[in-house]
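Numbering (this note's numbering), first residue to last: 1 to 694.
Idealized CB from N, CA, C, for every residue including glycine.
Step one of this worksheet: look at the structure below.
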């Protein structure tokens, strides 16, 4: 009996020889171009679209079964017929023949040259690929066949591809609904051999043009990709993405951003992701994360991880972006910024916890949460050790500047912003500062609470240590109406006024301890309108005070000496007026401050005053009635004077009513003199003398 092994070998050899003969002969007797109509008809039947085969079809059979084509075009459906859905200038696909016998699919390198894909969405929101992705619903199971056993599936074949090359492709995205047009050109994709669960090198490059922003983006990506047989698990290694954006709307005209990832794993079945060694670098700014995890990456993506921002110079970055850096008091301000935080990010929110940030010499810790990126809602809780705001402000004006309270400063800052921005503001948070310096004023233990929503803004602020005293206040602002309205309530207790004035204005014309309170209301969309409509009440009480450069007793003594014709008192180097207590209240109406009850007392002096200050023009119109009293017998008046104060808050002027210095006896003598002058020279001369005495 013949050896079975030899029979099998002989049979296989015969089959191989037969196949070789068929492969050698078939190309001469079979022309695939003869089947172009049948191919186009089959595509028309399956897709409803026209397939145009302009180029020549070439067939190979051994050792590779494959086909290469010339130009191919697949047209759009009738409503999108202005241009083809896709065109290919040249393509080549081959499969190794013999491994097919053992259910192994080995594809040679797939090459597509000159691919053009035109994607369109019309004004009704219908896309030109919707018909290609519509799934056909399987018919219901026929009654009586539910119990039939399913047909056993054949064992899956192994699958490899020698590589993929897409050369000089172009994708056009025309969204007529949003009037957005994006053109992707010079698209090139190259991969090496692909097999399931094995790494494959991938390189992609393209250029994208956005017609709306006029920006051009050049994108390059290189990575190692592996995919499982179910196509639901992906792994990336040594990924490097670089994006260069250029255009007139781009700060600095050009901006390059690089993203590198050491390892990444995506499980689409579990909807999880693991990312290791992530680094994002844009200019001098580098953001890094050792490990990040993702959950619900298909349904509602969320990523968590610890993030580090390496130290960089904000001032340098601002200059690199071609943005003018404002003049600041400290040339070294904004020279260093770094941060660490735990990040939880979704498609529309970001949560920063355990935040530690260093800005120059200032340390900031706390948390920041942003929800709904389309209409951001910001929550924050920050603790700052020491902040010198003056470092970041313009150099101070050398002219004298009126003191603005914290609430008034906040109101002025808010009124400088566009009303629409204030109406959209949605934030709630607290800032605590161990030390704060602003406009020369030093404060400690500062707390600020801010709440803004639906056009209503409220703040509460307090300073527990303000020049040996304290401060508390609140601001309420309503921007929902045509004109914004605000209300301010403030109070200071036992504040030493002299060191405060020295720090704020560089000099102090008075000293003492002050208690004060204010309740103000205003209406308007800018600072001038608010000042013009301002109304409210305020009160103040100074104790153990000194007015420097202003000596009421000397003014009275000089007037008396002038009238008597005696020598004037000697000039004192440090003229000042002492008082044990000075108090008063004031009302504000339409920007005019009116005070009618100023009272100042000391052992030798009693002062009453009244007048007004225009808060818009800062003009002063004030009158002081000062009386010298006998320290031993306070009811006995030793001298009196009326002093008029005019000018402005920045540059006040003083004048003395001479007639107020005259004693009753001297007043009688002058009245007689005026009567005589009136009789001899006319009444106008007497009136002139009276005006001079005033």
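Residue 506: buried (16+ other C-beta within 10 angstroms of its C-beta) or exposed? exposed
Supposed contact pair residue 132 and residue 47 - C-beta distance, whole angstroms, cut 8 Å: 6 Å
Can you name the start and end residues of the beta strand (DSSP E) that residue 427 belongs to? From DSSP, the beta strand (DSSP E) with residue 427 extends over 427 to 438.
Helix, strand or coil for residue 504? Go by DSSP, reduced to three states. helix
Determine the contact status of residue 163 and residue 193, defining contact as a CB-CB distance below 7 Å. yes
Could you tell me the distance, in whole angstroms, from the CA atom of residue 539 to the CA atom of residue 494? Near 14 Å, if we compare the C-alpha coordinates of residue 494 and residue 539.
So, is residue 697 buried or exposed, given that buried needs 16 or more other C-beta atoms within 10 angstroms? Coverage of the chain is limited to positions 1 through 694, which leaves residue 697 absent and any answer about it impossible.
Is it right to say residue 531 is buried, meaning 16 or more other beta carbons lie within 10 angstroms of its own, or is it exposed? buried
Is residue 275 buried or exposed, if buried means 16 or more other CB atoms sit within 10 Å of its CB? buried
Taking all protein chains shown into account, do 16 or more other C-beta atoms lie within 10 angstroms of the C-beta of residue 431, making it buried, or fewer, making it exposed? buried
Three-state class that DSSP yields for residue 529 in the structure shown: In the three-state reduction of the DSSP assignment, residue 529 falls in the helix class.
For the putative contact between residue 474 and residue 456, defined by C-beta atoms under 8 Å, what is the C-beta separation to the nearest angstrom? So it is not a contact: roughly 13 Å between Cβ atoms.
According to DSSP, is residue 396 part of a helix, a strand, or is it coil? coil
Please report the distance separating the alpha-carbon of residue 249 from that of residue 373. 22 Å
Under DSSP, the beta strand (DSSP E) around residue 293 begins and ends at which residues? It spans 285 to 295 - the beta strand (DSSP E) in which residue 293 sits, taken as one unbroken run.
For residue 600, which residues from the same chain have a beta carbon less than 6 Å from its beta carbon, with the 5 sequence-adjacent residues on both sides left out? The beta carbon of residue 600 sits closer than 6 Å to those of 579, 582 and 607, all from its chain and outside the five residues before and after it, given in chain order.
Cβ separation of residue 535 and residue 588, assumed to be a contact under 8 Å, to the nearest whole Å: 5 Å
Ignoring anything shorter than 3 residues, give me the beta strand (DSSP E) runs that lie fully in the stretch 189 to 254, in order along the chain. Within the stretch 189 to 254, the complete beta strand (DSSP E) runs of at least 3 residues fall at 200 to 210, 216 to 227 and 233 to 246.
Report the three-state DSSP secondary structure of residue 323 (helix, strand or coil). coil
What does DSSP give as the partner residues of residue 121 in its beta bridges? 127 and 175
Got a sec? Which residues, its chain only, sit under 7 Å from residue 251 by beta carbon, not counting five neighbours each side? The answer, listed in chain order, is 321, 322 and 323.
Do you know offhand how far residue 272's Cα is from residue 307's? 19 Å
Starting from the C-beta of residue 139, find all residues in its chain whose C-beta is less than 6 Å away, skip the five residues before and the five after it, and write them out in chain order. Because residue 139 carries a pLDDT of 49, less than 50, the predicted location of this residue cannot be relied on, and the following value inherits that uncertainty. There are no such residues.
Can you give me the C-alpha to C-alpha distance between residue 236 and residue 277, rounded to a whole angstrom? 12 Å
Let me know if residue 254 comes out buried or exposed under the rule of 16 or more other beta-carbons within 10 Å of its beta-carbon. exposed
Alpha carbon of residue 510 to alpha carbon of residue 577, nearest angstrom: 9 Å
Beta-carbon spacing of residue 199, residue 229 below 7 Å: no
For residue 34, name the three-state secondary structure that DSSP assigns. In the structure shown, residue 34 sits in a helix (DSSP, three-state: H, G or I).
Using 10 angstroms around the beta-carbon of residue 357, count the other beta-carbons present and answer buried if the total reaches 16, otherwise exposed. buried
Would the beta-carbon of residue 88 fall within 7 Å of that of residue 72? Contact: yes.
So residue 446 packs on residue 433, CB below 8 Å; how close in whole Å? 4 Å
Between the stretch 206 to 218 and the stretch 176 to 184, do three or more beta carbon pairs fall short of 8 Å? yes
Helix, strand or coil for residue 497, going by three-state DSSP, please let me know. Here DSSP, grouped into helix, strand and coil, assigns residue 497 to helix.
Helix, strand or coil: which one does DSSP assign to residue 604? For residue 604, the secondary structure class from DSSP, reduced to helix, strand or coil, is coil.
Beta-bridge partners of residue 133, as assigned by DSSP: Partner(s): none; residue 133 has no beta bridge.
How close, in whole Å, do the beta carbons of residue 240 and residue 222 come, if the pair is a contact with beta carbons under 8 Å? 5 Å
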